[in-house]
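To convert, note that position 107 of the sequence shown is 106 in numbering that gives the first Met the number 0; the numbers rise steadily by one, no gaps. Just so you know, even glycine gets a beta-carbon here, dropped at the ideal spot from N, CA and C. Below is one structure, written out as structure tokens; the observations come after it.
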Amino acid sequence: MGIKSEKAPSRRKGLTLTDVLVTVVVSLVLGVVYHLWASVSSIAGLLFVQSDELVYGMWFAASTLAFLLIRKPGVALIAEIAAAHLEIAFGSAYGIQLLLYSVVQGLGAELVFAAFRYRSTSAFVAGLAGIAAAAGSLLADIYYGYVTEYATWLLILKYSLRTISGFVIAGYLMYGLAKLLEKAGVTQSLRPVERKEYDALDS
């Protein structure tokens, strides 16, 4: 998967009912993944200090995947918030705190897509959105006081790993998943697929 820019096909502005429903479905699926991902994070954390941060990027995935599929303003933020609501419904130990995290993470991703005027759906831009979501999570960590007692080296390690994870998992991994869904024809009802998009899948 390259980092070349891929232009989203022109389409009617504004979210349609179909867009909202698909966003909700994506959020529901990833909300379940978010809930189960805590176990994956615990296992990953056994490798070395702060190694659980290597899988943290999955918690940003709803925002990037939803945008890559629907490609409209607001989708990244809505998807992340909706996924957090489902995670809360499953009884997450973090409870209402997840709402703040979902807002700042989804907003971070949203701002990156907005910076590219919602026209680029490349893996690289999705990766940048994952990094921005990681930055949002840092702000929430600071707000809740989770990092006040960390040594400088530990802070750098922790958020460097989280940034990498956001770039790879929320960016490139979700990009690959979106392309697989496109190739399977899942997204044909969401937006028109141009010939060059099929060519990009084969490249």
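Boundaries of the alpha helix (DSSP H) in which residue i is found, first to last residue
i	result
Glu287	Since the first and last residues shown for the chain are 0 and 202, residue 287 lies out of range.
Residue i (DSSP reduced to helix, strand or coil)
i	result
Ala150	coil
Leu14	coil
Gly1	A caution first: Gly1 carries a pLDDT of 42, below 50, which makes its placement in the model too unreliable to give a value.
Tyr145	coil
For residue i, the nearest candidate out of the options (CA to CA)
i	options	result
Leu53	Glu86, Leu180, Val28, Ser159	Ser159
Ser230	Val31, Val167, Gln104	The structure shown does not extend to residue 230, since the chain is modelled only from 0 through 202, so no value can be given for it.
Ile69	Ser101, Val32, Val21, Ser91	Val21
Glu79	Glu86, Ser62, Val31, Gly73	Ser62
Ile130	Ala169, Val102, Phe115, Tyr117	Ala169
Leu76	Glu86, Ala65, Leu85	Ala65
Ala150	Tyr143, Ala43, Val48, Gly56	Val48
Trp58	Ile95, Gly90, Leu46, Gln104	Gln104
Ser101	Gly184, Val111, Ile87, Thr147	Ile87
Residue ranges of each beta strand (DSSP E) within the segment 16-98, 3 or longer: Residue ranges of uninterrupted beta strand (DSSP E) with 3 or more members are absent from the segment 16-98; none lies entirely inside it.
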